[in-house]
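> Start counting the sequence shown at -8; every next residue gets the next number (the numbering used here).
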Amino acid sequence: MVYGDVNFIDAEGGVIGKFNAQQTSLKRLQRGGVYIPQQAAFWRADLWRQVGPLDPSFYFAMDYDLWVRLARVKEIRYVPGKVWANFRLHGDAKTIAADERCWPEMLRVHRRDGGNRLAWIYVRYAVRRLLAPLINRRRRGLFSKL
-8 MVYGDVNFID AEGGVIGKFN AQQTSLKRLQ RGGVYIPQQA AFWRADLWRQ
42 VGPLDPSFYF AMDYDLWVRL ARVKEIRYVP GKVWANFRLH GDAKTIAADE
92 RCWPEMLRVH RRDGGNRLAW IYVRYAVRRL LAPLINRRRR GLFSKL
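#1: Quick check on the DSSP output: the beta strand (DSSP E) that includes ARG79 runs from which residue to which?
#2: Measuring alpha carbon to alpha carbon, tell me which of ALA76, CYS93, GLY43 ends up nearest ALA31.
#3: So, for ILE7: in the same chain, excluding its five sequence neighbours on each side, which residues have a beta-carbon less than 6 Å away from its beta-carbon?
#4: For PRO28, I'd like the list of residues in its chain whose CB is within less than 6 Å of its CB, leaving aside the five on either flank, ordered along the chain.
#5: For MET53 and PRO124, what's the separation of their Cα atoms in angstroms?
#6: Between HIS81 and TYR55, what straight-line distance do the alpha-carbon atoms span, to the nearest angstrom?
#7: Count the C-beta pairs between the stretch 90 to 106 and the stretch 68 to 75 that are closer than 8 Å, then say yes if the count reaches three, no if not.
#8: Please classify ALA117 as buried or exposed, where buried requires at least 16 other C-beta atoms within 10 Å of its C-beta.
#9: Which class does ILE27 belong to by DSSP, given the choice of helix, strand or coil?
#10: Taking the alpha helix (DSSP H) that LYS18 belongs to, which residues open and close that run?
#11: Go to ASP56, then tell me how far its alpha helix (DSSP H) extends in each direction, as first and last residue.
#12: Throw me the rounded Cβ distance for the VAL74 and PHE33 pair, which I believe falls under 8 Å.
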């Protein structure tokens, strides 16, 4: 799998920001470090046949689950400095409307793969829960302007 950066765009298609991805790995993914913009991720059909399909039991983390499975069989590569896609931001997007479902689903992937409770992903989840009111307030303010 390869991936690049994305532009954030508004409802009219105007660029309002940029998400600069980061190189990741299976180990970083297992720790909860997700730096892959789904819109700019591409993989070969043979890898899809090897690890696919998407798991429809996930609402939010189906891409994360797929990336973990892909990273188990092949190194994931980030191409820095290249915008490969746009990501339209709006208040009804999953990223905004159902964000609280993300981490529990990521933990489900972690447990399914034999991860233990003393892993960094649990620390990240706890911190995220503590900061959720602040993050959600900030997001609501941002998206009310779009």
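Backbone N, C-alpha and C define an ideal beta-carbon position, used for all residues, glycine too.
Looking at the coordinates:
#1: Taken as a continuous stretch (DSSP letters only), the beta strand (DSSP E) holding ARG79 covers 68 to 79.
#2: When C-alpha distances from ALA31 are compared across ALA76, CYS93, GLY43, the shortest belongs to ALA76.
#3: The answer, listed in chain order, is PHE(-1), ASP1.
#4: VAL(-3), PHE10, ALA12.
#5: Straight-line Cα distance between these residues: approximately 24 Å.
#6: Answer to the nearest angstrom: the Cα atoms are 21 Å apart.
#7: The stretch 68 to 75 and the stretch 90 to 106 do not touch, with fewer than three beta-carbon pairs separated by less than 8 Å.
#8: By the neighbour-count rule (16 or more Cβ atoms within 10 Å), ALA117 is not buried but exposed.
#9: Here DSSP, grouped into helix, strand and coil, assigns ILE27 to coil.
#10: Element bounds for LYS18: 17 to 21.
#11: Unbroken alpha helix (DSSP H) run through ASP56: 53 to 64.
#12: The beta-carbon separation of VAL74 and PHE33, rounded to 14 Å, does not stay under the 8 Å limit for a contact.
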